[in-house]
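Chains as they are written, first to last, in the numbering used here: chain R, 1 to 438; chain H, 1001 to 1486.
Backbone N, C-alpha and C fix where the C-beta goes; we use that ideal spot for every residue, glycine too.
Report on the following structure.
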């Protein structure tokens, strides 16, 4: 029942046939969303569920699902596991919510759009099921996971997804044979040391995810309006810490204008790392293996982000707290069992298993404090940065204007001396960011 | 044949309406002059056939009528009555811990209502035509019976579809395909343009409804939409037309020159060269364009090469670029030119094949006599080859232009993820300098779920393309140019 597909056909397909090849067909599912379902749950009924997870997680998910079926052996299950990357889950789900999986993994930045479209089940309303079968309350779930993860997974203090993986944000990785611990404390010393070594420091500026770190660090914030249709953004004003947006932009321009700085296109970090020109890069866990390959296991180091110069002072860069969640489809036919499965996949044992197999950092505090995890070099960097990380709540309109603003800084379209010009650009950017989404 | 084609557009439209008038006139006559069974056909569609002993046809028509009535009662009544509002009941759910399921109310799904109602309208319209045709047929049979003419048996009727009515047999499947895969989606697209179907009104959770011409007003600056939408539309449309013009022109000329070159007597191994160029067609564009995109990336192989030979430094010195790389695909201007140049390489082989075909069929007598008269090769090219070429390939030139307006592949594959605009006004409307209307529309639907504005843009593209095609074809076929070459 791919109704939107039909529309898409009209919109684009009717004009360009070749496009059909791009279309990603979501795998079929058996939840019919028609009308009221008044059938009762006979004890012998087989519960059919579809679960979407990342390609790399498939083996792990298969094992966890087997465990889930064993745990609830009184109930017959038919659980299908499909491949859907966490980063694109939203696009696929919103194409046709009723045909999407019952349980799905997604990145924390998608929670607003999924919630707004009504795709996320109100899992807290199913507390009785959780208590009956898993012997837990939602307070237990909230207490078991880190506060930041729970905040990011909640809307109006109500949990809408189960936190699964933490530390999905960014920090600084560097080559300790080139840079010392003192060097990486501030952008100024970092860039100076890199310049001396003839190497470069890379960061993505053309992205509202990375470049917002400068603003958050200086005390600016983004949030959602009460109706959730608008982003509230004060980047063009004065922050809680007394810095102006112009001053932050000037700080960014100083960094971008440095010879040793390399502005990296979004998603191109790994390639640039491989080219060997970089001695430091602002990135996340996904480049850990890469960095170890290029710089050598013993030289690979990670730490919190450096400070940057803003209005003559050193300001600690902020970052965006990012997680991976497991959500439940509001239109799932077996929404109760779907919630239990989602809970099972994110409980302490599953998170420990996930770390063991995939090195993905747990949100569960018990697992995170275990010896293995705590000694991980990236985990230490994430923990150090987490004091300055904020949960980013924005609408879809946030990304393009911020991307363009970052690109203007990267290309040097703006000049640090031209305060009026910077203010203008900030105003235009905020106008775009705060536009009502439709 | 030529004289038949030379109808003007006005006559064609007039003829169309005359045909419709004739269709209904025939129906009126059948109802007025028909006997009891012909009139009964109005209610029972098989009546006329049953009376003339065409029982199989009578059964078919009766079954069809019953099917449509059943379809109307069982299916249409669930959607069509809500078509005026597109639904009023929002989805609500309450969790039932006993069954472990959500109890849903009987909620309305605006998109289903829109789509299924449209399908109902198409079915009813088709049925209406069949119904009228059926009555006129019944009257024709009645006349035949009165005049004592032979009335076909079912087998004989079927046979006519193999002989004199063979064109109907042939056309049924394509027409059905066009209706299902083109007409219904386009009608749906047009309908969506008049609703508020966007991110805040996404079924099944939310409902959307009719908003009249609001979206069109917004496109041209009115309404509360982001203030730059109108500006962006004009900019994107401008580049779309520039791109379509230059990409069509360059590949066309390039293709002709290339085929002339290859067909030249002095060119050795023409078949080898032709094959080599055709290879670019054989490699999927996905592969070749993404490769080219990587070649010309800011840190790509071409940039490394240019830096090594000092070209980048030289361009920096003369002030053409301010970056440490050449922004082949990442700065306005540069990207625009590069896209058109890369498209030449993609598009020329097609034109070369067409041109080769035409050149092989050049009127040899004309060229021979021109040569005897002492015309130089250049004169022959300008006076005979090129006019002939233009005449033959004119229609493909028009379709190429329209195709290029919607050339999604080249633009999207070359610029997506590489090009970041620094124009804030465009960014606020989710567009870039290198976007065509179709790629902008794709992003609006795919990333921003703004189906209503995407539909409006889709309609605009449709209007632009169809007006251009009509005017261009009309001009091209007009006059006696066809005879010039006969």
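With DSSP as the reference, identify every bridge partner of residue i, one or two as the case may be.
{"i": "residue 440 (chain R)", "result": "With chain R represented from 1 up to 438, any question about residue 440 (chain R) goes unanswered, as that position is not in the structure."}
{"i": "residue 1096 (chain H)", "result": "H:1101"}
{"i": "residue 203 (chain R)", "result": "R:263"}
{"i": "residue 158 (chain R)", "result": "R:155"}
{"i": "residue 1070 (chain H)", "result": "DSSP lists no partner for residue 1070 (chain H)."}
{"i": "residue 1210 (chain H)", "result": "H:1195"}
{"i": "residue 238 (chain R)", "result": "R:244"}
{"i": "residue 120 (chain R)", "result": "R:329"}
{"i": "residue 186 (chain R)", "result": "R:307"}
{"i": "residue 165 (chain R)", "result": "R:324, R:362"}
{"i": "residue 145 (chain R)", "result": "R:364"}
Between which two residues does the beta strand (DSSP E) harbouring residue i extend?
{"i": "residue 105 (chain R)", "result": "103-107"}
{"i": "residue 81 (chain R)", "result": "76-83"}
{"i": "residue 49 (chain R)", "result": "46-53"}
{"i": "residue 327 (chain R)", "result": "324-328"}
{"i": "residue 172 (chain R)", "result": "171-175"}
{"i": "residue 321 (chain R)", "result": "319-321"}
{"i": "residue 224 (chain R)", "result": "222-224"}
{"i": "residue 231 (chain R)", "result": "231-233"}
From what residue to what residue does the alpha helix (DSSP H) around residue i run?
{"i": "residue 1117 (chain H)", "result": "1110-1146"}
{"i": "residue 1295 (chain H)", "result": "1285-1295"}
{"i": "residue 1386 (chain H)", "result": "1386-1405"}
{"i": "residue 1089 (chain H)", "result": "Counting along the chain, residue 1089 (chain H) falls outside any alpha helix (DSSP H), and DSSP gives it neither H nor E."}
{"i": "residue 1241 (chain H)", "result": "1229-1263"}
{"i": "residue 112 (chain R)", "result": "111-116"}
{"i": "residue 69 (chain R)", "result": "58-71"}
{"i": "residue 373 (chain R)", "result": "371-374"}
{"i": "residue 1446 (chain H)", "result": "1437-1446"}
{"i": "residue 1420 (chain H)", "result": "Note, residue 1420 (chain H): premise wrong, no alpha helix (DSSP H); not H, not E."}
{"i": "residue 91 (chain R)", "result": "89-95"}
{"i": "residue 209 (chain R)", "result": "Looking at the DSSP string, residue 209 (chain R) is not in any alpha helix (DSSP H), and its letter there is neither H nor E."}
{"i": "residue 128 (chain R)", "result": "127-134"}
{"i": "residue 455 (chain R)", "result": "Because chain R in this structure spans residues 1 to 438, residue 455 (chain R) falls outside the shown range and cannot be described."}
Taking a contact to mean a Cβ-Cβ separation below 8 Å, would you say residue i touches residue j in this structure?
{"i": "residue 1255 (chain H)", "j": "residue 1384 (chain H)", "result": "no"}
{"i": "residue 1431 (chain H)", "j": "residue 1236 (chain H)", "result": "yes"}
{"i": "residue 1458 (chain H)", "j": "residue 1470 (chain H)", "result": "no"}
{"i": "residue 279 (chain R)", "j": "residue 175 (chain R)", "result": "yes"}
{"i": "residue 1199 (chain H)", "j": "residue 396 (chain R)", "result": "yes"}
{"i": "residue 235 (chain R)", "j": "residue 261 (chain R)", "result": "no"}
{"i": "residue 1287 (chain H)", "j": "residue 1296 (chain H)", "result": "no"}
{"i": "residue 1389 (chain H)", "j": "residue 1348 (chain H)", "result": "no"}
{"i": "residue 1267 (chain H)", "j": "residue 1276 (chain H)", "result": "no"}
{"i": "residue 1188 (chain H)", "j": "residue 1143 (chain H)", "result": "no"}
{"i": "residue 1103 (chain H)", "j": "residue 1094 (chain H)", "result": "yes"}
{"i": "residue 343 (chain R)", "j": "residue 367 (chain R)", "result": "no"}
{"i": "residue 1412 (chain H)", "j": "residue 1330 (chain H)", "result": "no"}
{"i": "residue 263 (chain R)", "j": "residue 205 (chain R)", "result": "yes"}
{"i": "residue 381 (chain R)", "j": "residue 302 (chain R)", "result": "yes"}
{"i": "residue 411 (chain R)", "j": "residue 246 (chain R)", "result": "no"}
For this session: Scan the region 386-424 of chain R and note each continuous alpha helix (DSSP H) run of 4 residues or more that stays entirely inside, going in chain order.
Result: The DSSP assignment places complete alpha helix (DSSP H) segments of no fewer than 4 residues inside the region 386-424 of chain R at 399-411, in order along the chain.
Exercise. Counting only runs that start and end within the region 261-317 of chain R, where is the alpha helix (DSSP H) found for 4 or more residues in a row?
Worked result: Segments of the alpha helix (DSSP H) lying fully in the region 261-317 of chain R: 269-274, 288-295.
Exercise. At a cut of 8 Å, does the region 384-401 of chain R reach the region 145-160 of chain R through at least three beta carbon pairs?
Worked result: A contact exists between the region 384-401 of chain R and the region 145-160 of chain R.
Exercise. Would you call the region 1421-1428 of chain H and the region 1147-1163 of chain H in contact, with 3 or more CB pairs under 8 Å?
Worked result: Taking a contact to require three or more Cβ pairs closer than 8 Å, the region 1421-1428 of chain H and the region 1147-1163 of chain H do not qualify as touching.
Exercise. Can you find at least 3 beta carbon pairs, one from the region 332-345 of chain R and one from the region 100-120 of chain R, that sit closer than 8 Å?
Worked result: Verdict: yes, contact present.
Exercise. Can you give, in chain order, each stretch of the alpha helix (DSSP H) that sits fully within the region 1018-1051 of chain H and has at least 4 residues?
Worked result: Counting only runs of 4 or more residues that sit fully inside the region 1018-1051 of chain H, the alpha helix (DSSP H) segments are 1036-1040, 1047-1051, in chain order.
Exercise. What alpha helix (DSSP H) runs, 4 residues minimum, are completely inside the region 1149-1174 of chain H?
Worked result: Within the region 1149-1174 of chain H, the complete alpha helix (DSSP H) segments at least 4 residues long are 1154-1160, listed from N- to C-terminus.
Exercise. Can you find at least 3 beta carbon pairs, one from the region 273-288 of chain R and one from the region 190-201 of chain R, that sit closer than 8 Å?
Worked result: Flag = yes, the region 273-288 of chain R and the region 190-201 of chain R touch.
Problem set entry | Any alpha helix (DSSP H) of 4 or more consecutive residues that is wholly inside the region 1302-1377 of chain H | Correct list: 1311-1317, 1334-1360, 1364-1372.
Exercise. At a cut of 8 Å, does the region 157-165 of chain R reach the region 316-329 of chain R through at least three beta carbon pairs?
Worked result: Yes, they touch.
Exercise. Below 8 Å, can you find three or more Cβ-Cβ pairs linking the region 119-135 of chain R to the region 361-377 of chain R?
Worked result: The region 119-135 of chain R vs the region 361-377 of chain R: no contact.
Exercise. Three or more C-beta pairs closer than 8 Å, one from the region 164-184 of chain R and one from the region 288-300 of chain R: is that the case here?
Worked result: Because the criterion of three Cβ pairs below 8 Å is met, the region 164-184 of chain R and the region 288-300 of chain R touch.
Exercise. Is there contact here, the region 1083-1101 of chain H with the region 120-133 of chain R, by at least three beta-carbon pairs under 8 Å?
Worked result: Contact between the region 1083-1101 of chain H and the region 120-133 of chain R is present, because at least three Cβ pairs lie under 8 Å.
For this session: Decide if the region 75-87 of chain R is in contact with the region 50-61 of chain R; the criterion is three or more beta carbon pairs, one per stretch, under 8 Å apart.
Result: The answer is yes - the region 50-61 of chain R touches the region 75-87 of chain R, with three or more Cβ pairs under 8 Å.
For this session: Taking 8 Å as the threshold, find out whether the region 1072-1089 of chain H comes into contact with the region 1161-1180 of chain H through three or more Cβ pairs.
Result: With contact defined as three or more Cβ pairs closer than 8 Å, the region 1072-1089 of chain H and the region 1161-1180 of chain H are not in contact.
For this session: Count the CB pairs spanning the region 1448-1465 of chain H and the region 1025-1036 of chain H that are closer than 8 Å, and state whether there are at least three.
Result: Contact between the region 1448-1465 of chain H and the region 1025-1036 of chain H is absent, because fewer than three Cβ pairs lie under 8 Å.
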